[in-house]
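As structure tokens, the structure follows; a few thoughts come after it.
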Amino acid sequence: MDIIVCVKQIPDPEIPPSKFKLDIESKKVVPPEGIPPVMNPYDEQAVELALRLKDKYGGKITVLTLGSEATSSIAKHALAMGADEGIVITNKAFEDSDSFSKAYILSQAIKKVGDYDLVLCGRQAADWDEGLVGSIIAENLGLPLVTLAEAVDVANGKLKVKRVILDGYQVFTVPIPAVVTVSNEVGRPRLPSGWGIISASQKQIPVWSVDDIEADSSKTGASAARRKLVKLFIPERERKCEIIERETTAEASIELVDTLIKAGAI
Amino acid sequence: MKQIFDAIVVGAGPAGCACSFTMAKAGLKTLLVERGKFPGAKNMWGGVFYGPTLNQLFPSFWQEAPVERYIKRHRLSLLTKDASLSAEFTAKKFGKVPYNGFSLFRAKFDRWFAAKAEQAGAILASGLQADDLLWDGNRVAGIKAGGDELPSSAVIACDGVNSFLSEKAGLRDKLSPRDMKQGVKEVIHLPRNLIELRFNLSGEEGIAWEFIGSFTRGIPGGAFIYTNKESLSIGVVVQLSTLAENKIEANDLLEEFKQHSEVATYLAGGKLLEYSAHLIPVAGSAMMPALYTDGFLVAGDAAAFTLTTGLTLEGANFAIASGLAAAETVIRSKQIGDFSQKSLSYYPELLKKSFVLKDLKTFKKAPHFLENPRIYSLYPEIACDLAEKIFTNDGKPRRKIWKLLRKSMERKISFWQVFRDLKKIKKAL
């Protein structure tokens, strides 16, 4: 079974809060200096699910990711886990694309890869938590879609997908090819093996540009986005400690109540 | 895909990167294994890096390597609870190429250095931990990592102070807390212009400021402040065993140090960016493991190549130099097709010729001498007390400095004891 997995790079969620910075002006997250991005953990689980299918049925796993050439380390991580090929799609024109544009770019890249039986995405990216791209890819490619999958199997030439719902499961069958978004119930992704890391480190990651995937530039970038981010901010939180000392407890209590009323707390 | 490497280097720090770079450049099939997600990921080091050895490898490296500031000023302060006495040295020479030292962050620097090794042809495997050695009889024949066996003609352990591999190779016992210092460090953000104003620096100049005194409560050790581009590295380094015996936490000492009136003014308004802790091997030649066995070499911190003179604590340049010597040894072994213990004995020969073992021999007695608690409390006290007597104008007739010194020492220490300590200084330093 040939599988395409779409993976995203996100800022390392393990960085200390002090390294997380917003640029209020440009409404963007400032990449933490000196700490490389990592693969979105949900996408890592999508790679894991793909590998389980490969272990059982054989085939080829291709990993697609949007970003810069530096993003190749994300693709290489998937290769180290056992994926066969990684492709980075990059272009200045893609910058500031919204979920629709990103899904469009990935759909074009999927078309270029050509042969596939299944497209896997993580359920959402752990940076903005929108969870849109997988669904829009299915729409773009006119393919059946199952979201929040815990397991995928093959039965009678169809895909059997176990979908997580509150307190239970749904099991669907869908024709091949299909798009499935993968939930965290898949469990821990495998650790890369020694030889896996070594061979991934030596592999070249092809970089595709807008021309390689015949993308219509009017559908990508900031200008194609139909919604506009007007504000991005972390609410200011102030902590203050004031000790109220009065002769008697009663006096202190009254003062406390007054202070709380003044502060608008009660 | 499976292959046999000429050399596997474990640990992509300065020793490992220098070693891999040199071997790969000479055409050896070299694998550089790093357990962190990327080289430098596991590193908290933010100190002064002395450049000459690296400058030989990459002339004018500071133009491309991620350095913070070049060290123009060196300052030493003796602190008591409410006084301080400082000496500063600066030279025009330190402000010109090839600069003497740099402040830098190893998290960035190691990535740059490892990329150099990769460009030279070494294979960098990040996120891979060496779990064990691979043996062929009594010969080290590779490593086990990530569930796989990775064979090689030589393994070079550059895996840091707790070198697990040299222990596995039977070259050393577990380390004793007496041989180690614990370092705790904070990185504090301060705007560039404030750093330059407060520390009297301009442009890319930096200061390395060392402290000894009351804040370590008599525990052998000291504190430091180094200036980075837009932050300060501030920390204390204290002997681990005494710390444990007295049930004192190193971070309490750091807090005490930060609150000292002389120090606090320099930090005011700063924002804490990160906190970290690390062990530093300080016993010098006394704790050095055997440096090689069949198919196996140890370099850098793993070999305890750290120099403590009391005023400076150097490791990175020793690491690079030992990494280079290890590389040269393996290249030679490859040429003659012999990786046996006998062939690898070329390694200590090279180290003896370089500054690595020479410096460590010169300062062989320093680590023991520096355990003397008087250095950390009594002498700073006497010095500050004397200075106070000299500078105080209390309206009474002045006395000679010699008499003041006698007064400062009264009931604290005898001249005979000071004389004995001075004799020890002469021997050790």
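Protein sequence lines, in the order shown, are assigned to chains A and B.
For the first sequence, my numbering gives the first residue as 99, with consecutive numbering after it.
For the second sequence, my numbering gives the first residue as 18, with consecutive numbering after it.
Virtual Cβ for every residue (Gly too), placed ideally from N, Cα, C.
Source: prediction; values computed, not measured.
When DSSP assignments are scanned along the segment 274–337 of chain A, the uninterrupted stretches of beta strand (DSSP E) that are 3 or more residues long and fall wholly within it turn out to be 276–280. Cys339/A is classed as exposed because its beta carbon has fewer than 16 other beta carbons within 10 Å across all chains shown. Using beta-carbon distances, Glu291/B counts as an interface residue toward chain A, with a partner under 7 angstroms. In the three-state DSSP reduction, Phe380/B falls in the coil class, being neither helix nor strand.
Below the 9 angstroms Cβ cutoff, chain B contributes Gly57, Pro83, Phe122, Ala124, Lys125 and Arg128 as neighbours of Gly132/A, in chain order.
Distance check between Glu283/A and each of Lys326/A, Lys152/A, Tyr140/A and Ile172/A places Tyr140/A closest, using alpha-carbon atoms only.
Contact check for Leu167/B against Asp176/B fails: the beta carbons are separated by 7 angstroms or more. Excluding sequence positions up to five before and after Thr346/B, its CB lies within less than 7 angstroms of the CB of Leu314, Leu361, Tyr363, Tyr364 and Leu367, all in the same chain and listed in chain order.
Annotated three-state conformation of Phe322/B is coil, per DSSP.
For Phe356/B, no beta strand (DSSP E) encloses it, and the DSSP letter there is neither H nor E.
Taking 7 angstroms as the cut-off, the beta carbon of Pro31/B is found closer than this to the beta carbon of Ala333/B. Interface residue (Cβ-Cβ distance to chain B less than 7 angstroms): Ile208/A is not classified as such. Tyr267/A sits exposed, since fewer than 16 C-beta atoms from the chains shown fall within 10 Å of its C-beta.
Asp176/B is outside the set of residues whose beta carbon lies under 7 angstroms from a beta carbon in chain A. For Tyr202/A, the enclosing alpha helix (DSSP H) stretches over residues Ser197 to Val211. The Cβ of Leu207/B sits no closer than 7 angstroms to any Cβ of chain A. The residue from Trp433/B, Ala294/B and Ser278/B with its alpha-carbon nearest to that of Gly200/B is Ala294/B. Excluding residues up to 5 positions away in sequence, Phe130, Ala131 and Ala134 lie with their Cβ nearer than 6 angstroms to the Cβ of Cys34/B in the same chain.
By the Cβ rule, the segment 295–308 of chain A counts as touching the segment 184–199 of chain A, because three or more pairs are nearer than 8 angstroms. Residue nearest to Asp100/A within the set Ile208/A, Ala323/A, Ser315/A and Gly362/A is Ile208/A (criterion: CA-CA distance). Close to Ala142/B, with beta-carbon spacing below 8 angstroms, are these residues of chain A in chain order: Gly292, Ile295, Ile296 and Ser299. Within 7 angstroms of the CB of Lys19/B, the CB atoms of chain A belong to Trp293, in sequence order along the chain. For Ala253/A, no alpha helix (DSSP H) segment is defined; the enclosing uninterrupted segment is the beta strand (DSSP E) at Leu243 to Ala253. In the DSSP assignment, Leu264/A falls outside any alpha helix (DSSP H), carrying neither H nor E. Fewer than three Cβ pairs drawn from the segment 340–358 of chain B and the segment 213–224 of chain B lie within less than 8 angstroms of each other, which leaves the two stretches out of contact.
Here Glu167/A carries a helix assignment [DSSP, helix/strand/coil]. Cα atoms of Gly44/B and Arg261/A: separation of roughly 53 angstroms, rounded to the nearest angstrom. Rounded to the nearest angstrom, the gap between the Cα atoms of Asp153/A and Arg324/A is 42 angstroms.
Secondary structure note for Arg86/B: its beta strand (DSSP E) is the uninterrupted segment Val84 to Leu96. One Cα belongs to Thr347/A, the other to Val355/A, and the distance between them is close to 12 angstroms. Between the alpha carbons of Ala313/A and Trp226/B lies a gap of roughly 57 angstroms. Taking every protein chain shown into account, the CB of Gln80/B has fewer than 16 other CB atoms within 10 angstroms, so this residue is exposed. In the three-state reduction of the DSSP assignment, Met305/B falls in the coil class, being assigned neither a helical nor a strand state. Ranked by Cα distance from Ile173/B, the first of Gly312/B, Thr323/B, Phe126/B and Phe106/B is Gly312/B.
In the three-state DSSP reduction, Met61/B falls in the coil class, being neither helix nor strand. Contact between Glu146/A and Pro275/A is ruled out by a C-beta separation of about 20 angstroms, above the 8 angstroms threshold.
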